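*Asks:*
Residue numbers (this note's numbering), protein chains in the order written: chain A, 1 to 111; chain B, 112 to 225.
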């Protein structure tokens, strides 16, 4: 049972434009959410997180939005750069000390 | 500063064999977690160890076992390998037992079972 879902396996965006990556979850007990970026042959790298008590968290070009009523979060990257091309994983946790990951979205930023 | 180091980076094993994967956490980190990432899927939680004690176990069969040593390094063992065990095995470390501060992942061990 996939508790965290990323329904878009891939996304292509022009350099300088906004990239929006989406994630849905089913477990209302999750109380924090994270985004990881993964390049080939490397482990996932932590990008940004948000607690369930917030609806927005911003870090430079990266902003995560949380809509608890819809059980939906999104990652906005503005402006997108070619170096942002990677697989992005959404993850959620709560209570237990482990994370549930989505299946990932491959972002390609076209120069 | 060294990050999370995993060895070996690649491994090929035959069905039925046993394998041991190793992980050294970031210096000062006392928690190590293991995840399995099958091609096309996200990482799935296998184990977490904190201060040498098992803190969590995912939905994996008993063929999977792990331990943490006094220096906080960890080993993941898989017995009676199946073709479906072929995956990228990721180790992650964190300073505390909770994962909400963001793990630091290693580059993983790519296991191929033939």
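Even glycine gets a Cβ: it sits at the ideal position worked out from N, Cα and C. As the structure is a prediction and not an experimental result, all values here were calculated from the model.
For residue 171 (chain B), report the span of its beta strand (DSSP E) as first-last.
*Replies:* Per DSSP, residue 171 (chain B) belongs to no beta strand (DSSP E) and is neither H nor E.
*Asks:* Going by beta carbon distance, what residues of the same chain come within less than 8 Å of residue 38 (chain A), once the five residues before and after it are set aside?
*Replies:* Once the five neighbours on either side are set aside, the close Cβ partners of residue 38 (chain A) are 44, 45, 86, 87, 88, 89, 104.
*Asks:* Using a Cβ-Cβ cut-off of 6 Å (strictly less than) and excluding sequence neighbours within five positions of residue 56 (chain A), which residues of its own chain qualify?
*Replies:* 65
*Asks:* With H, G and I counted as helix, E and B as strand and the rest as coil, what does DSSP make of residue 84 (chain A)?
*Replies:* helix
*Asks:* Does any C-beta atom of chain B lie closer than 8 Å to the C-beta of residue 43 (chain A)?
*Replies:* With 8 Å as the cut-off, residue 43 (chain A) counts as an interface residue toward chain B.
*Asks:* Should residue 104 (chain A) be flagged as near chain B, meaning a C-beta pair shorter than 8 Å?
*Replies:* yes
*Asks:* If you measure from the beta carbon of residue 216 (chain B) to each beta carbon in chain A, is any gap under 8 Å?
*Replies:* yes
*Asks:* Could you tell me the alpha carbon to alpha carbon distance between residue 155 (chain B) and residue 202 (chain B), rounded to whole angstroms?
*Replies:* 11 Å
*Asks:* CA-CA distance, residue 91 (chain A) and residue 3 (chain A)?
*Replies:* 10 Å
*Asks:* Which value, in whole angstroms, describes the spacing of the CA atoms of residue 192 (chain B) and residue 123 (chain B)?
*Replies:* 11 Å
*Asks:* Please report the straight-line C-alpha distance between residue 67 (chain A) and residue 169 (chain B), rounded to a whole angstrom.
*Replies:* Their Cα atoms are separated by approximately 27 Å.
*Asks:* Using a C-beta cutoff of 8 Å, does residue 101 (chain A) count as contacting chain B?
*Replies:* yes
*Asks:* Would you tell me roughly how many angstroms separate the C-alpha atoms of residue 199 (chain B) and residue 174 (chain B), rounded to the nearest one?
*Replies:* 17 Å
*Asks:* With residue 225 (chain B) as the anchor, note down where its beta strand (DSSP E) starts and where it stops.
*Replies:* Residue 225 (chain B) -> no beta strand (DSSP E), and no H or E assigned at all.
*Asks:* Indicate whether at least one CB of chain B lies closer than 8 Å to the CB of residue 98 (chain A).
*Replies:* yes
*Asks:* Based on Cα-Cα distance, which residue from A:32, A:28, A:7 lies nearest to residue 49 (chain A)?
*Replies:* A:32
*Asks:* For residue 129 (chain B) versus residue 225 (chain B), is the C-beta distance shorter than 8 Å?
*Replies:* no
*Asks:* So is residue 122 (chain B) in contact with chain A if we call contact Cβ pairs under 8 Å?
*Replies:* No, residue 122 (chain B) does not count as interfacial toward chain A.
*Asks:* Give the straight-line distance between the Cα atoms of residue 22 (chain A) and residue 98 (chain A), rounded to the nearest whole angstrom.
*Replies:* 21 Å
*Asks:* Indicate whether at least one CB of chain A lies closer than 8 Å to the CB of residue 201 (chain B).
*Replies:* At least one chain A Cβ lies under 8 Å of residue 201 (chain B).
*Asks:* Look at the alpha carbon of residue 81 (chain A) and the alpha carbon of residue 111 (chain A), and state the distance between them as a whole number of angstroms.
*Replies:* 8 Å
*Asks:* On the criterion of 16 or more Cβ atoms from any shown chain inside 10 Å, does residue 220 (chain B) qualify as buried, or is it exposed?
*Replies:* buried
*Asks:* If you draw a straight line from the C-alpha of residue 194 (chain B) to the C-alpha of residue 58 (chain A), how long is it?
*Replies:* 42 Å
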